[in-house]
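A.B. asks: First the structure, then my questions, so here it is.
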Amino acid sequence: MGKFENVPELRGTEDYYEWRRQTEQLLLGEGVYNHVSQGTNPFNYVDYALMMPEPVLLGLPTAEERELIKSWLKDDGAAKSIIMRKISSTVLTLIPDNISITACEIWTILANHYDRADVSLQFSIKARIASFQMKGASNTEKYIAAHTHANEKLARMEVKPTETEAIYALLRGLPKSGLWPMIRKTILVLFYKWVRARKGPFLF
Numbered sequence: 001m002g003k004f005e006n007v008p009e010l011r012g013t014e015d016y017y018e019w020r021r022q023t024e025q026l027l028l029g030e031g032v033y034n035h036v037s038q039g040t041n042p043f044n045y046v047d048y049a050l051m052m053p054e055p056v057l058l059g060l061p062t063a064e065e066r067e068l069i070k071s072w073l074k075d076d077g078a079a080k081s082i083i084m085r086k087i088s089s090t091v092l093t094l095i096p097d098n099i100s101i102t103a104c105e106i107w108t109i110l111a112n113h114y115d116r117a118d119v120s121l122q123f124s125i126k127a128r129i130a131s132f133q134m135k136g137a138s139n140t141e142k143y144i145a146a147h148t149h150a151n152e153k154l155a156r157m158e159v160k161p162t163e164t165e166a167i168y169a170l171l172r173g174l175p176k177s178g179l180w181p182m183i184r185k186t187i188l189v190l191f192y193k194w195v196r197a198r199k200g201p202f203l204f
């Protein structure tokens with residue numbers, strides 16, 4: 001599996017955001033993310049979209065222009081290979097069987113089908129956040145990463161939790177044994193004061 005081992009197979013809306021996140025990292029790592037990006041600022045080297053070069057005289061490219069076009073097509077092929085490596089056979093039917101289709105066109109097709117604010121998915125992610133439980137100090141990094149990952153999914157749907165909601169969710173899932181209840185109570189008192197100072201909503 002190698003570099004693709006962290007990329008889930010794209011089956012539909014439910015795993016699109018994780019698939020896109022991991023696939024974007026691969027595209028960035030291979031230096032071909034610009035083949036699917038939409039940026040228009042040439043000084044933004046990460047997000048600036050690269051279009052296929054066109055010869056000054058259509059139909060009469062110079063040797064240098066031909067090399068630039070061939071180089072672009074090679075990189076675009078690499079981007080397509082990364083995108084299509086981990087998608088299910090059902091999702092694959094969405095992609096036209098056309099060798100000339102670009103990576104950006106494939107990326108856009110998938111986004112149009114799956115990158116949407118699915119209400120049922122939002123509730124599912126929020127329910128998952130509410131169920132997160134930290135097992136102990138050794139589980140801290142994994143616990144915080146799970147919250148961060150889930151909140152990023154909601155942010156992509158433009159329903160990112162507020163700072164207060166995110167912090168409270170973290171506190172709510174702290175362990176309920178040992179010294180943790182006392183630690184949780186102390187943090188909650190500080191959190192309550194912080195919320196009151198900010199005049200934000202009190203959630204509990």
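This note's numbering applies: residue 1 is where the sequence shown begins, and numbers increase by one.
The beta carbon of each residue, even a glycine, is placed where N, CA and C say it ideally should be.
Since the model is a prediction, treat every value here as computed from it, not as a measurement.
Classify S205: buried if its beta carbon has 16 or more other beta carbons within 10 angstroms, exposed otherwise.
C.D. replies: Here the chain comprises residues numbered 1 to 204, so residue 205 is not present and cannot be evaluated.
A.B. asks: If you run the structure through DSSP and keep just helix, strand and coil, what is L58?
C.D. replies: Position 58 of the sequence shown, counted from the first residue, corresponds to residue 58. Coil.
A.B. asks: Could you name each continuous alpha helix (DSSP H) segment of 4 residues or more that falls completely within the stretch 95 to 126, going from the start of the chain to the end?
C.D. replies: Counting whole runs of 4 or more residues, the stretch 95 to 126 contains the alpha helix (DSSP H) stretches 103 to 114.
A.B. asks: Out of curiosity, what's the CA-to-CA distance linking L154 and G178?
C.D. replies: On the sequence shown, position 154 is the one that residue 154 refers to. On the sequence shown, position 178 is the one that residue 178 refers to. Using only the alpha carbons, I get a separation of about 33 Å.
A.B. asks: Does the stretch 71 to 83 touch the stretch 94 to 104, meaning 3 or more C-beta pairs lie closer than 8 Å?
C.D. replies: Enough Cβ pairs lie closer than 8 Å, so yes.
A.B. asks: If I measure Cβ to Cβ from L68 and keep anything under 7 Å in the same chain, skipping five residues before and after, which residues do I get?
C.D. replies: Working through the sequence shown from its first residue, we reach residue 68 at position 68. P53, listed in sequence order.
A.B. asks: Could you spell out the range, first to last residue, of the alpha helix (DSSP H) harbouring V46?
C.D. replies: One-based indexing of the sequence shown puts residue 46 at position 46. No alpha helix (DSSP H) contains V46, which DSSP labels as neither H nor E.
A.B. asks: So what does I87 bridge to, in DSSP terms?
C.D. replies: As a working mapping, residue 87 is identified with position 87 in the sequence shown. I87 is bridged to L10.
A.B. asks: Taking the DSSP output, what are the residues bridged to G39?
C.D. replies: The residue labelled residue 39 in the question sits at position 39 within the sequence shown. Paired residues: Y48.
A.B. asks: My guess is that D97 and H35 are in contact by the Cβ rule of under 8 Å, so how many angstroms apart are they, rounded?
C.D. replies: To locate residue 97, count along the sequence shown from 1; it is residue 97. To locate residue 35, count along the sequence shown from 1; it is residue 35. In fact, because the Cβ distance is near 20 Å, the residues do not count as touching under 8 Å.
A.B. asks: How long is the line joining the alpha carbons of E65 and Q25, rounded to whole angstroms?
C.D. replies: One-based indexing of the sequence shown puts residue 65 at position 65. One-based indexing of the sequence shown puts residue 25 at position 25. Distance between the alpha carbons of E65 and Q25: 30 Å.
A.B. asks: Give me, in chain order, the residues of the same chain whose beta-carbon lies closer than 6 Å to that of R172; leave out the 5 immediate sequence neighbours on both sides.
C.D. replies: Taking the sequence shown and counting its residues from 1, the one referred to as residue 172 is at position 172. Cβ within range, chain order: n/a, list empty.
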